[in-house]
Structures are given as C-alpha cells and as structure tokens.
Amino acid sequence: MAAQSDPTPARDGRSWSLVDLGAAAAVGLALAGVIWSPKLSGAVASATGALIPVTVLVDVRGVAVADPAGLIQAAQKEGKVAIVIRNQPHGSVAVKQVLPLQRKLVAVQPNGSVVSAVDPNQATLGTLDARFVLQGQGRRSGGGVVFGNQNLKIGAPVEIEGEQYRIGGTVSGLQLGGQ
Numbered sequence: 045m046a047a048q049s050d051p052t053p054a055r056d057g058r059s060w061s062l063v064d065l066g067a068a069a070a071v072g073l074a075l076a077g078v079i080w081s082p083k084l085s086g087a088v089a090s091a092t093g094a095l096i097p098v099t100v101l102v103d104v105r106g107v108a109v110a111d112p113a114g115l116i117q118a119a120q121k122e123g124k125v126a127i128v129i130r131n132q133p134h135g136s137v138a139v140k141q142v143l144p145l146q147r148k149l150v151a152v153q154p155n156g157s158v159v160s161a162v163d164p165n166q167a168t169l170g171t172l173d174a175r176f177v178l179q180g181q182g183r184r185s186g187g188g189v190v191f192g193n194q195n196l197k198i199g200a201p202v203e204i205e206g207e208q209y210r211i212g213g214t215v216s217g218l219q220l221g222g223q
C-alpha cells in the first residue's frame, strides 16, 4: 500500500486570522491608553514644572448632618479628601481648613430698613454649611485652571469624600500659586 501524500502544501509562514487582527488592535489600543493616560500626563506635567499649587474653595450648603461640628472636626483631622469633578475621580487633595458658614436671615421692616440676623434654625435642624479649603496641584490653561485633568471654574459642582461622608458642593473660589 502506497503512502498517500497530503494535497495541501505545507506553509512556512502563518496567515493572520480575524481573531489575530482583533487581538493586535486591542493590544495597540491598550498601549495608546497607557501612553496618553491622565496619570502619565500629570506625571509629565509635574516633571516639567507645569504644575503649580492650586487652592480650591468648595462651599457645601444645607447638607443634613446629625453633628455638623463633628463632621468639620473629622474632615480637619483626616487632612485629606477624595475629590470628584464632573463625575470623574481626581484623587485625594489636602484639606487646609474647613470654615463653618453662618446662614443669615434678612427681613425688610415696615419703615423700609433691612435687618439681618443669624438663622437660629441652622443649629436646631443639624445642617452643614461650610467652606472646604483644599490644596492640590494644577496647571494654568487658556480656559482657567486644569485640576485633575478637568477644567475647573467657579460654580462647577464637585463631590468631596472622606472616611464617613460624601457630600456635594460648588467651587466658590480658585487661587493659583504665586498670585
């Protein structure tokens, strides 16, 4: 009985299948993501001296808290908070101080004069009104301050998170280092 030969010739090289091309594209996209990642661009900006100290003032108003003074003390004791800007986590930033804010009631008198007084309900209802003074690194851009790879301006909503709280606030001030 004679040995039959294989009708298909042997190939020296390998051809690329659709799966191989898909895997190569995935690897290429992953490498591009690593090269252009926010942390890497932040590291490059830090190494080149493009980052400067930025102080961000975040006002928190009317947050229901059982012990507002205790939360302020806890935030100052922790010394840092995680910050989320436009639903994008930035990381943690230092808490320089937390200032309690007093709400004022304003009333117009029958003679036309205006009278203001501290809101007595603030202590009774247990609401937090405070200004968080945060210190981080950012860079100046044409449209303001880039903080955490997000363009940050006064009025932007942010969330700050500590060990026992996560509260929403509004940026009320930005101060660049050297100003």
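To convert, note that position 160 of the sequence shown is 204 in my numbering; the numbers rise steadily by one, no gaps. We put the beta carbon where it would ideally sit given N, CA and C, even for glycine. Note that the structure is a prediction, hence the values are computed from the model and not measured.
- prompt: Could you give the distance in angstroms between the alpha-carbon of V139 and the alpha-carbon of G213?
  reply: 15 Å
query: Does the Cβ of I204 have 16 or more other Cβ atoms within 10 Å, making it buried, or fewer, making it exposed?
result: buried
C-alpha distance - S160 paired with A108, whole-angstrom precision: 24 Å
- request: Identify the continuous alpha helix (DSSP H) that holds G114 and give its terminal residues.
  value: P112 to E122
- prompt: For G188, does the three-state DSSP call read helix, strand or coil?
  reply: strand
field: Extent of the continuous beta strand (DSSP E) run through I96
entry: I96 to A108
message: Can you look up A67 in the DSSP assignment and give me helix, strand or coil?
response: helix
- request: Mind the definition here: the stretch 170 to 177 touches the stretch 100 to 107 only if three or more C-beta pairs lie below 8 Å; say whether that holds.
  value: yes
message: On the DSSP letters alone, give me the boundaries of the beta strand (DSSP E) that E205 sits inside.
response: P201 to E205
- prompt: Straight-line CA distance for R130 to W60?
  reply: 43 Å
Buried/exposed call for L73, threshold 16 Cβ in 10 Å: exposed
field: Straight-line gap, G170 to G187 (C-alpha atoms, nearest Å)
entry: 38 Å
query: Do you know how far the Cα of G206 is from the Cα of Q219?
result: 23 Å
- prompt: If Q194 sits next to Q132, beta carbons under 8 Å apart, how far is it from one beta carbon to the other, in whole angstroms?
  reply: 6 Å
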